[in-house]
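Chemist: One structure is given below, represented as structure tokens, and several questions about it will come after.
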Amino acid sequence: MQEGLSASRAAVAAVTLVTFLHGLPSSAFAQTAARLEPPRGGWGALTRPYQARSAPPIQLSNSPRLESLIRAGNLYLSAKDVIALAIENNLDVEVQRYGPLLAREVLRRAEAGGVLRSVGAPVAPGPRSVSLQGVSTATGTVAAAGAGVGSGGGILTQLGPPIPSLDPSVTAVAFFSHQTIPQSNTVLTGTTSLVQDARVFQVQYAQNWATGTSAQLGYSSQRLKVNSLFFSLNPFTQGNLDLQVTQNLLQGFGRSVNMRNILVQRNNLKVSDLQFRLQLIETVSAALNLYWDLVSFHYEVRARQQAVETAQKLLNDNRRMVELGTLAEIEVTRAESQLYAARQDLVVAQTNLMQQEVILKNALSRTGVASPELAALRIVPLDTMVKPEDEPLPDLEKLVAVALEKRAEIQQSRLNLESNRMNLEGIRSSLRPTLQAFAQLTNNALTGDLTTIGAATGVPEIFVGGYGNLWKQILRRNFPNYSAGFSLNIPLRNRAAQSDYAASLLEIRQNELILQKNINQIRVDVQNAVIGLQQARARYEAAVKARELAEATLRADQKKYELGATTAFQIVQDQRDLAAAQSAEVQAMANYSHAKIALDQALGRTLEVHGISVEEALRGEITGIQSKAPEEVRR
């Protein structure tokens, strides 16, 4: 009766969950919110650089795939379903989806001449099963992010010559003034109170280039109106158009020096993509380990139920024999003890199973088991454990070569070494003296309204006019200025630059050693994974043989017991031995599944083996894996 009520509640909970999921708008199933949206409104390209982009709120609704696998209070899962749900819904994967976006934004910053920011998150370890059984799935301690330039920690401060800002800028200044200046000598101004009205306008365009060149083009004009009668032009305007060009010739010269942050961040962008790939491998491997452990727990529960049934049968037989007077009363007590021990083992197995379901549901859902409806679902695995086959493995050196080619950690380390060498070019540039060549060209102009005294004294006609005349003088270069020169700064000891270069070079040597250490570790990972697979296969074969012998022993002793040739104690011992052998066989099968997953992870081929597309994983929607609909599952 109680079991029927529990089943009814689970069915109602499942219907409620499905109804709730159907009621959500389709936009709620957008698989990832990891994106940036362009600014809205404004005047297009004119105002876009000054508007903030927006990032959608985080998405906590699960993918529709989870809903499609629910029926009658059960969640039917295959190994492929677990892979797809882990990629679509796991929060560790969702966190890493922001990594490439963050890296691209830092690249935009570097392209503007800014220093690099530390962005991204380290690879999160996957969830572990409730019971620590089987071989270890860890594949060594190779660092997921490189030192200094990895996606988990970019460069915040830079050594070497400062990188110029590569975004052009426009500066405009407008200045208005009214001044009244007392005059004690009226001979020069003709008044005791000199009044000046001034209007100043300045516009400058500045641009730096990665070659170490900088230029400023500026226009300036000043209009002055006074109340003095002794000015030939009143009001008058002075103006000039000025071009200044500066070129670094030693320190700070060259594109490789001034573009080093851009080149490093391009590598960091690749590192960020590899970081996402690493998280995918870690999460998928962990989810598969959880799934196969869940399957093994189901086998364990069945084995323990069988042990309970066998112990119950022994107890019933002993009671009947005691009633007939052919068996001592103590044998009933011994059989009852065995029954309760078997029931205790069954409770432990059922507890492990339920706890494993909770862990797996938490790994496959964005809100974990916060929803009572999801928490009430029972997981029904659709796959059975594959018996280990004596499949030949390629040569160890070939497997190591595959791992060195595919393991993302090695690719990250090599990219980081390349980035360190790019930074070294900038630091080497700081060893040189600072030598700058500069040139300046200025076109001056003067124009204004002719006064009476100016007409009397004969002011040249070129100066008479308004702004049009001012620009004519500037463009005709009537009054040019030219200047050129160089600036040389030689540090006499240069100890800081020497120290920075030496320390950076030593760090590169350290990183080269760390790369070799990682390569050595990967060789160890592959060899240990191969040994683990061979060991798991051998353990399974031994466990099968032990279970078969335990079954044969129990059958033989049961026949002897029926004939009175052995004791009930021996039957109890045989039952315990058989239960232990069955448990060892289940564990050996789980170990083999773990060993295969560990070998794929050590070789860096987890995604390829399971047909996972990184592009689809980034979008958060796996179309290459088709889930089995609940209607296709037998009750």
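Count the sequence shown with numbering that gives the first Met the number 0 and you get residues 0 to 634, in order. C-beta atoms are modelled at their ideal positions from N, C-alpha and C, and glycine is treated no differently. Please read all numbers here as calculations on a predicted model, not as lab measurements.
If distances are taken between C-alpha atoms only, which option among Leu-76, Thr-441 and Gly-72 comes closest to Asn-239?
Modeler: Residue mapping note: residue 239 aligns to position 240 of the sequence shown, counting from 1. For the residues Leu-76, Thr-441 and Gly-72, the minimum Cα distance to Asn-239 belongs to Thr-441.
Chemist: Taking the alpha helix (DSSP H) that Lys-558 belongs to, which residues open and close that run?
Modeler: Here residue 558 corresponds to residue number 559 of the sequence shown, with the count starting at 1. First-last of the alpha helix (DSSP H) with Lys-558: 494 to 561.
Chemist: Starting from the C-beta of Leu-158, find all residues in its chain whose C-beta is less than 8 Å away, skip the five residues before and the five after it, and write them out in chain order.
Modeler: For this step, residue 158 is matched to residue 159 along the sequence shown. Beyond the five residues adjoining it in sequence on each side, Leu-158 comes within less than 8 Å, by CB distance, of Asn-422, Gly-425, Ile-426, Ser-429, Asp-499 and Ser-503 in the same chain, given in chain order.
Chemist: Please look up how many angstroms separate the CB atoms of Leu-445 and Gln-237, rounded, as I've assumed it's under 8 Å.
Modeler: Within the sequence shown, the letter at position 446 stands for residue 445. Within the sequence shown, the letter at position 238 stands for residue 237. Sure, about 5 Å apart at Cβ, within 8 Å.
Chemist: Under a three-way DSSP split, which group does Ser-664 fall into?
Modeler: The requested residue 664 does not occur in the structure, where the chain is confined to residues 0 to 634.
Chemist: By a C-beta neighbour count over all protein chains shown, 10 Å radius and 16 as the cutoff for buried, is Asp-166 buried or exposed?
Modeler: Along the sequence shown, read from residue 1 onward, the residue named residue 166 stands at position 167. The residue in question, Asp-166, is exposed, as its Cβ has fewer than 16 Cβ neighbours within 10 Å.
Chemist: Would Leu-314 and Ile-82 be called neighbours here (beta carbons separated by less than 8 Å)?
Modeler: Taking the sequence shown and counting its residues from 1, one reaches residue 314 at position 315. Taking the sequence shown and counting its residues from 1, one reaches residue 82 at position 83. No, Cβ-Cβ distance for Leu-314 and Ile-82 is not below 8 Å.
Chemist: How many angstroms separate the CA atom of Ala-438 from the CA atom of Leu-242?
Modeler: As a first step, residue 438 must be located in the sequence shown, where it is residue number 439. As a first step, residue 242 must be located in the sequence shown, where it is residue number 243. For the pair Ala-438 and Leu-242, the Cα-to-Cα distance works out to about 8 Å.
Chemist: With DSSP as the reference, label Leu-434 as helix, strand or coil.
Modeler: As a position in the sequence shown, residue 434 is number 435, starting the count at 1. Leu-434: strand per DSSP, three-state reduction.
Chemist: Can you say whether Ile-624 is buried or exposed, counting buried as having 16 or more other CB atoms within 10 angstroms of its CB?
Modeler: What you label residue 624 is simply residue 625 of the sequence shown in a count that begins at 1. Buried, since its Cβ has 16 or more Cβ neighbours within 10 Å.
Chemist: In the DSSP output, what is Pro-636 paired with across the bridge?
Modeler: The shown model of the chain, from 0 to 634, leaves out residue 636, and the question about it has no answer.
Chemist: Any contact of the stretch 310 to 325 with the stretch 560 to 572, i.e. 3+ C-beta pairs under 8 Å?
Modeler: yes
Chemist: Between the stretch 581 to 599 and the stretch 57 to 64, are three or more C-beta pairs nearer than 8 Å?
Modeler: With contact defined as three or more Cβ pairs closer than 8 Å, the stretch 581 to 599 and the stretch 57 to 64 are not in contact.
Chemist: Ser-284 and Gly-98 - do their beta-carbons sit closer together than 8 Å?
Modeler: Residue numbering aside, residue 98 sits at position 99 when the sequence shown is read from its first letter. Residue numbering aside, residue 284 sits at position 285 when the sequence shown is read from its first letter. No, the Cβ-Cβ distance between Gly-98 and Ser-284 is not below 8 Å.
Chemist: For Gly-153, I'd like the list of residues in its chain whose CB is within less than 7 Å of its CB, leaving aside the five on either flank, ordered along the chain.
Modeler: Residue mapping note: residue 153 aligns to position 154 of the sequence shown, counting from 1. In this prediction, Gly-153 scores a pLDDT of 39, lower than 50, which makes its location untrustworthy; no coordinate-derived value is stated.
Chemist: Should the stretch 382 to 393 be regarded as contacting the stretch 507 to 517, the criterion being three or more beta carbon pairs within less than 8 Å?
Modeler: no
Chemist: Is it a yes or a no for the stretch 350 to 364 touching the stretch 475 to 485, going by three-plus beta-carbon pairs under 8 Å?
Modeler: no
Chemist: In angstroms with no decimal places, state the Cα-to-Cα distance between Leu-352 and Ile-69.
Modeler: Walking along the sequence shown from the start, residue 352 turns up at place 353. Walking along the sequence shown from the start, residue 69 turns up at place 70. Straight-line Cα distance between these residues: approximately 19 Å.
Chemist: Check whether the stretch 163 to 177 and the stretch 194 to 214 touch, using three or more Cβ-Cβ pairs below 8 Å as the test.
Modeler: With the cut-off at 8 Å, the stretch 163 to 177 and the stretch 194 to 214 touch.
Chemist: Rounding to the nearest angstrom, what Cα-Cα distance links Thr-140 and Glu-404 in this structure?
Modeler: Taking the sequence shown and counting its residues from 1, the one referred to as residue 140 is at position 141. Taking the sequence shown and counting its residues from 1, the one referred to as residue 404 is at position 405. With a pLDDT of 38 at Thr-140, under the threshold of 50, the predicted position of this residue should be treated as unreliable, and no value is reported.
Chemist: If you reduce the DSSP assignment to three classes, tell me which class Gly-453 lands in.
Modeler: Against the sequence shown, residue 453 aligns to sequence position 454. If DSSP states are grouped into helix, strand and coil, Gly-453 belongs with the helices.
Chemist: Let's test the definition: count the other Cβ atoms within 10 Å of the Cβ of Tyr-704 and tell me whether it reaches 16, buried, or not, exposed.
Modeler: The question about residue 704 has no answer, for the chain in this structure spans 0 to 634.
Chemist: Which same chain residues end up closer than 8 Å to Ser-626 when comparing Cβ atoms and leaving out the 5 residues on each side of it in sequence?
Modeler: The residue labelled residue 626 in the question sits at position 627 within the sequence shown. Taken in chain order, the residues that qualify are Arg-64, Ser-67, Leu-68, Ser-77, Lys-79, Asp-80 and Ala-83.
Chemist: Do Pro-380 and Leu-293 have their C-beta atoms within less than 8 Å of each other?
Modeler: Here residue 380 refers to the residue found at position 381 when the sequence shown is read from its first residue. Here residue 293 refers to the residue found at position 294 when the sequence shown is read from its first residue. It is a contact, given that the beta carbons lie within the stated cut-off.
Chemist: From Gln-354, Val-385 and Leu-449, pick the residue whose C-alpha is nearest to that of Ala-374; which is it?
Modeler: Indexing the sequence shown from 1 puts residue 374 at position 375. Its Cα nearest to that of Ala-374, the residue Gln-354 stands out among Gln-354, Val-385 and Leu-449.
Chemist: Counting pairs of Cβ atoms below 8 Å between the stretch 251 to 259 and the stretch 208 to 216, do you hit three or more?
Modeler: yes
Chemist: Does the contact criterion of 3 or more C-beta pairs under 8 Å hold for the stretch 32 to 39 versus the stretch 577 to 590?
Modeler: no
Chemist: Mapping DSSP to helix, strand and coil, what is Gln-243?
Modeler: To locate residue 243, count along the sequence shown from 1; it is residue 244. DSSP places Gln-243 in strand when its eight states are reduced to three.
Chemist: Going by CA-CA distance only, name the one from Ser-227, Ile-530 and Thr-433 that's closest to Asn-247.
Modeler: Here residue 247 refers to the residue found at position 248 when the sequence shown is read from its first residue. Nearest of Ser-227, Ile-530 and Thr-433 to Asn-247, Cα basis: Thr-433.
Chemist: Quick one: measure Cβ to Cβ for Thr-188 and Ser-231, integer angstroms, because I've assumed they're closer than 8 Å.
Modeler: Here residue 188 refers to the residue found at position 189 when the sequence shown is read from its first residue. Here residue 231 refers to the residue found at position 232 when the sequence shown is read from its first residue. Between Thr-188 and Ser-231, the beta carbon gap of about 14 Å keeps them out of contact (Cβ cut-off 8 Å).
Chemist: Pairing CB atoms from the stretch 599 to 613 with CB atoms from the stretch 298 to 308, are three or more of them under 8 Å?
Modeler: no
Chemist: Which residues in the same chain have their Cβ closer than 8 Å to the Cβ of Leu-398, if we skip the five residues on either side of it in sequence?
Modeler: In the sequence shown, residue 398 corresponds to position 399, counting from 1. Cβ within range, chain order: Leu-392, Val-525, Val-529 and Leu-602.
Chemist: Taking its Cβ as the centre, do 16 or more other Cβ atoms sit within 10 Å of Pro-387, making it buried, or is it exposed?
Modeler: For the purposes of this step, residue 387 is taken as the residue at position 388 of the sequence shown. When all chains shown are included, Pro-387 counts as buried.
Chemist: Nearest-angstrom Cα distance between Gln-215 and Gln-201?
Modeler: Sequence index remark: in the sequence shown, residue 215 carries index 216 (1-based). Sequence index remark: in the sequence shown, residue 201 carries index 202 (1-based). The alpha-carbon atoms of Gln-215 and Gln-201 are separated by roughly 13 Å.
Chemist: What span of residues does the alpha helix (DSSP H) with Asn-89 cover, start to end?
Modeler: Counted from its first residue, the sequence shown places residue 89 at position 90. Careful: Asn-89 lies outside any alpha helix (DSSP H) and carries neither H nor E.
Chemist: Could you give the first and the last residue of the continuous alpha helix (DSSP H) run that contains Phe-478?
Modeler: In the sequence shown, residue 478 corresponds to position 479, counting from 1. Following the DSSP letters along the chain, one finds Phe-478 in no alpha helix (DSSP H) but inside the beta strand (DSSP E) bounded by residues 478 to 488.
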